[in-house]
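Top line first, the protein sequences correspond to chains S and V. Start counting at 1 in the first sequence, then tack on 96, and there's your number in our numbering. Start counting at 1 in the second sequence, then tack on 317, and there's your number in our numbering. Don't be surprised by glycine CBs; every beta carbon is placed ideally from N, CA and C. These numbers come from a predicted model, not from an experiment. Have a look at the structure below, then the notes.
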Amino acid sequence: MTAPTATATQGAPATLLRRILLQGRYESLAMLRNGEQLILAVVLPLLALVGLTVTPFLDGFGASRINVAVPGILALCAMSTAFTGQGIATGFDRRYGVLRFLSTTPLGREGLIAGKVLAVLAVLCLQVAVVTLVALPLGWQPPAAGWLPGLSLLALGAAAFTALGLLVAGTVRPEATLAITNLLWILLGALGGIVIPAERLPAVTQGAVHYLPSGALGEALREAFLHGALNGGAALILLVWTVLAGAAAIRWFKWN
Amino acid sequence: MLRVVNGVSLMAERGQVTALLGANGAGKTTTIECAQGLQKRSGGSISLLGQDPGRSGADLRSRVGVMLQDGGLPPSARPIPLLRHIAGMYARPRPVDELVQRLGIDTFARTSVRRLSGGQKQRLALAAALIGNPEVLFLDEPSAGLDPQSRQLVFELISELRAGGMGIILTTHLMDDAQRLADYVYIIDAGRNVAEGTVSQLLQRDPAVEAGTDHIRTLVFEAPPGLDFAGVLPHAITVTETRAGSYVASGALRPRDLASLTAWWAAHDVMPGSMSLAARSLEDVFLDISGKDIR
Numbered sequence: 097m098t099a100p101t102a103t104a105t106q107g108a109p110a111t112l113l114r115r116i117l118l119q120g121r122y123e124s125l126a127m128l129r130n131g132e133q134l135i136l137a138v139v140l141p142l143l144a145l146v147g148l149t150v151t152p153f154l155d156g157f158g159a160s161r162i163n164v165a166v167p168g169i170l171a172l173c174a175m176s177t178a179f180t181g182q183g184i185a186t187g188f189d190r191r192y193g194v195l196r197f198l199s200t201t202p203l204g205r206e207g208l209i210a211g212k213v214l215a216v217l218a219v220l221c222l223q224v225a226v227v228t229l230v231a232l233p234l235g236w237q238p239p240a241a242g243w244l245p246g247l248s249l250l251a252l253g254a255a256a257f258t259a260l261g262l263l264v265a266g267t268v269r270p271e272a273t274l275a276i277t278n279l280l281w282i283l284l285g286a287l288g289g290i291v292i293p294a295e296r297l298p299a300v301t302q303g304a305v306h307y308l309p310s311g312a313l314g315e316a317l318r319e320a321f322l323h324g325a326l327n328g329g330a331a332l333i334l335l336v337w338t339v340l341a342g343a344a345a346i347r348w349f350k351w352n
Numbered sequence: 318m319l320r321v322v323n324g325v326s327l328m329a330e331r332g333q334v335t336a337l338l339g340a341n342g343a344g345k346t347t348t349i350e351c352a353q354g355l356q357k358r359s360g361g362s363i364s365l366l367g368q369d370p371g372r373s374g375a376d377l378r379s380r381v382g383v384m385l386q387d388g389g390l391p392p393s394a395r396p397i398p399l400l401r402h403i404a405g406m407y408a409r410p411r412p413v414d415e416l417v418q419r420l421g422i423d424t425f426a427r428t429s430v431r432r433l434s435g436g437q438k439q440r441l442a443l444a445a446a447l448i449g450n451p452e453v454l455f456l457d458e459p460s461a462g463l464d465p466q467s468r469q470l471v472f473e474l475i476s477e478l479r480a481g482g483m484g485i486i487l488t489t490h491l492m493d494d495a496q497r498l499a500d501y502v503y504i505i506d507a508g509r510n511v512a513e514g515t516v517s518q519l520l521q522r523d524p525a526v527e528a529g530t531d532h533i534r535t536l537v538f539e540a541p542p543g544l545d546f547a548g549v550l551p552h553a554i555t556v557t558e559t560r561a562g563s564y565v566a567s568g569a570l571r572p573r574d575l576a577s578l579t580a581w582w583a584a585h586d587v588m589p590g591s592m593s594l595a596a597r598s599l600e601d602v603f604l605d606i607s608g609k610d611i612r
């Protein structure tokens, strides 16, 4: 198609990369400026880290409590940011028509989602840095070979939780999103195999926990940061969750 | 399948303000949201700048500005950083400062969106819709919540943008907005467009006007309650007591009708408390067409 009327003053979009980067930066800063989000993303995981190093819950799983605790805390960080934090923010953006307005700008729906994913990854990087800086002086000794599988699976886990968060935020009222994602954060955090390995949980929940995104991510990260190994089974479970939740979100997400 | 809109056909031109006029729930927003690509339509066709908005990309979106009815601005944002962020989505945005000054946004620059008044929010949403320098502008109920000064400001800007060649499509349920702003009006009722034309064309739909009689359509007067005017005026003119002591005579009034009425008052020693004549307004046309029942 020819566009003979195009002139220098006519509206034109910024490049796709620039639009996504801008939205990613905007959403990251919005998350970091929000006090409740910061508590959820940084303060609570750090409190849990300290709590796990002074209690005997994790004794027997590794050389030291901190070595067993840190991988689980990193997994908890991913759940905080990708699922609860991002889910609540998206739910309220949907209520206030922000998603609809932004999807009429050159950013579009795809750019909006890409920006959210970018923001989740940016905040997660910050969380990993903070947790590492706190954990190293406490005696954390991760094997060098653990970083590559650990961070890759952390990103995959974040993708699974982002898809789940968007699914909740896009299908129920924001107040319900707030309740559901906070409640699940507490339940999965305590009983979902994320910081406390399945073996230490009540027998009735043990079987199911391996198949939860929380249990799979917790196990995968402990495997990586305790033994420097890739847990293929857990990775597969996370991948399945990502694909299923992503497809469901695409199918049922309501923009208004 | 729910058909909210079924049988709307309209065209908007560059350099013109096209208004979709209708009661709440008539289908105005649904219609323009389909045109903006925000809602999937189940049938029909829409062409916006030669493209289908339902399957268009960033290029089309960059040439179209949208102001939503609910604003769609993040509550925690502050006006100027928000506008700068949106401007970043465009290759050649308007200067943010110019719009900020023009719409008086600098007076509330430090307030978060959440705490803005309705009129301030509308002005900010208009700035956000204009920041990309669009060729087509959609405004959903632009004067909702505007105080008289803001309204004047917004209306002046809309007129200027029209003069600059922008195609503007707005929805409104306020006749006055349409009468003041629109070059062309579509009246939407129950999901269909039931009438269209320029404001003066619509006003001339009046059968009395077509017959060459006067434009005066209503005479409002106050008099003691409970009076019976049967037989005083021709059948075509109805007199109703809208509330106790307040009467409206509507129809194509002629000088002799006024004489008949005042003669009747003289004969019955009735002195009206007030009386005023009014020309037919777009509101009368709208009510004639879409019926007088409240929906």
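Under the Cβ distance rule, S:A215 does not count among the residues neighbouring chain V, no pair being separated by less than 9 Å.
DSSP places S:P109 in the strand class (E or B) of the three-state scheme. At a cut-off of 9 Å, the C-beta of S:T200 has a neighbouring C-beta in chain V.
What S:Q106 touches in chain V, judged by beta-carbon distance under 7 Å, is R380, E452, going in chain order. The bridge partners DSSP lists for V:F538 are V:Y564, V:M592. Against chain S, the CB of V:P391 has a partner CB under 9 Å away; the residue lies at that interface.
When the five nearest sequence neighbours on each side are left out, no beta carbon in the same chain lies closer than 8 Å to the beta carbon of V:A584. With respect to chain V, the C-beta atom of S:L195 has a partner C-beta closer than 9 Å. Residues L337, G339, T488, I505 of the same chain have their beta carbon placed closer than 7 Å to that of V:K345, with the five preceding and five following residues left out of the count.
Among the residues of chain S, none has a CB under 7 Å from the CB of V:D494; the nearest is roughly 21 Å distant. V:L456 and V:F472 do not touch by the CB rule: their CB atoms are close to 11 Å apart, not below 8 Å. When Cβ pairs closer than 8 Å are counted between the two stretches, the region 327-334 of chain V is seen not to touch the region 329-343 of chain S, the count staying below three.
Considering only V:P391, V:I363, V:G354, the residue with the shortest C-alpha distance to V:G382 is V:G354.
Separation of the CB atoms of V:L365 and V:A352 is rounded to 6 Å, and the pair is thereby assigned contact status at 8 Å. Bounds of any beta strand (DSSP E) do not take in S:V150; it lies within the alpha helix (DSSP H) bounded by 140-150. In the three-state reduction of the DSSP assignment, S:Y122 falls in the helix class.
The residues A144, L172, M175, V291, S310, in chain order, have a CB closer than 8 Å to that of S:G285 in the same chain once the five nearest residues on each side in sequence are set aside. Every unbroken stretch of the alpha helix (DSSP H) spanning 4 or more residues and falling wholly within the region 480-510 of chain V is given here in chain order: 492-498. Close to V:I403, with beta-carbon spacing below 7 Å, are these residues of chain S in chain order: T201. Going by DSSP, S:D155 is part of no beta strand (DSSP E) at all; its letter is neither H nor E. Within the same chain, and ignoring the five residues on either side of V:F603 in sequence, the residues whose Cβ sits closer than 7 Å to its Cβ are L338, M492, I504.
For S:G204, the C-beta contacts it makes with chain V under 7 Å involve A375, R378, in order along the chain. For S:P152, the nearest beta carbon of chain V is not closer than 9 Å to its own beta carbon.
In terms of Cβ geometry, S:L234 and S:I184 do not form a close pair [threshold 9 Å].
Think of a sphere of 8 Å around the beta carbon of S:P109: the chain V residues whose beta carbon falls inside it are A375, D376, R378, S379, M406, Y407, A408, in chain order. Annotation: S:L283 to S:G314 spans about 14 Å, alpha carbon to alpha carbon.
Within the model, the alpha-carbon separation for S:Q302 versus V:I448 is close to 55 Å. The DSSP-derived three-state label of S:V164 is helix.
Under a 10 Å Cβ-count criterion, S:I209 is classified as buried, with 16 or more other Cβ atoms of the shown protein chains found around its own Cβ. Distance from the CA of S:F188 to the CA of S:V139, rounded to the nearest whole angstrom, comes to 23 Å. Using beta-carbon distances, S:G207 counts as an interface residue toward chain V, with a partner under 9 Å. Interface residue (Cβ-Cβ distance to chain S less than 9 Å): V:L478 is not classified as such. The shortest CA-to-CA distance from V:G543 to any of V:P551, V:S563, V:I554, V:L536 is the one to V:S563. Contacts with chain V at 9 Å (Cβ-Cβ) include S:R129. About 4 Å separates the beta carbon of S:P167 from that of S:F321, a gap short enough to meet the 8 Å contact definition. Identification of chain V residues near S:L118 by a Cβ-Cβ cut-off of 9 Å yields H402, G405, M406, ordered along the chain.
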